[in-house]
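S.K.: In my numbering, the protein residues as written are 2 to 185.
Here a beta-carbon is modelled for each residue, glycine too, at the ideal position from N, C-alpha and C.
1) State the Cα-Cα distance for the pair residue 141 and residue 133, rounded to the nearest angstrom.
2) Could you have a look at residue 137 and say whether DSSP puts it in helix, strand or coil?
3) With a threshold of 7 Å on Cβ separation, who are the neighbours of residue 78 within its own chain once the five nearest residues in sequence on each side are excluded?
4) How would you call residue 178, buried or exposed, if buried means at least 16 neighbouring beta carbons within 10 angstroms?
5) If you follow the alpha helix (DSSP H) that residue 119 is in, where does it begin and where does it stop?
6) Could you tell me whether the stretch 157 to 165 touches the stretch 52 to 61, where touching means 3 or more Cβ pairs closer than 8 Å?
7) Near residue 116, which residues of its chain fall below 8 Å by C-beta distance, leaving aside the five closest residues on each side in sequence?
8) Sort 81, 114, 170 and 164 by Cα distance to residue 52 and report the nearest one.
9) So, residue 64 versus residue 165, is the Cβ gap smaller than 8 Å?
10) Is it true that the stretch 138 to 154 meets the stretch 100 to 113, where meeting means three or more beta-carbon pairs spaced less than 8 Å apart?
11) Does DSSP put residue 30 in a helix, a strand or coil?
12) With burial defined as no fewer than 16 other Cβ atoms inside 10 Å of the residue's Cβ, what is the status of residue 41: buried or exposed?
13) Under 8 Å by Cβ, that's how I've got residue 145 and residue 128 pegged, so tell me the actual separation to the nearest angstrom.
14) For residue 6, count the other beta carbons within 10 Å of its own beta carbon; 16 or more makes it buried, fewer makes it exposed. Which is it?
15) May I ask which residues mark the beginning and end of the alpha helix (DSSP H) holding residue 164?
16) Going by Cα to Cα distance, which pick from 150, 105 and 46 is closest to residue 24?
17) Using only the alpha-carbon positions, how far apart do residue 143 and residue 26 sit?
18) Got a sec? Which residues, its chain only, sit under 6 Å from residue 8 by beta carbon, not counting five neighbours each side?
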């Protein structure tokens, strides 16, 4: 039993924490909320962290097994974070699984729709998906989200250039958004 303490999963803990912190910091970049029409709300932050995780997940799917394991542990950490947040909002133990199922469905639905647009190089399609997900109540009055879509394409391209050594160390950085996306 003591050998479990030294297993690979525990060895990844620092790497996972470091990479998750980097992804979270990227998702909280002020420019996203000040200039790219992401609402600075609990759901807006969920949307941006989901987008960062999706980009990271897409990057690591081409990695060696260790990179894919780290990516899965980061997604697990994300859902632990969501669980904790739900509980902090006062949802009782009985309601948490239902909410977690809803958030998991939202995350994996976004993964599928964003991946389809990213794979096709379809900025308008990505902007449309972002608009639906980030501003579901706004209807026709929702922001176009073209700047955010441009940023996600830029961030994904930058991640593609990161070497496997950075993935293995949890040192993949995320390109910061800036005015170049706002005008896209």
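M.R.: In this structure, then:
1) 10 Å
2) coil
3) 17 and 21
4) buried
5) 97 to 121
6) yes
7) 55 and 59
8) 114
9) yes
10) no
11) coil
12) exposed
13) 6 Å
14) Unreliable positioning characterises residue 6 in this predicted model, as indicated by a pLDDT of 40, which lies under 50. A coordinate reading is not provided.
15) Note, residue 164: premise wrong, no alpha helix (DSSP H); not H, not E.
16) 46
17) 25 Å
18) Its pLDDT being 44, under 50, residue 8 is placed unreliably by the model, and nothing is read from it.
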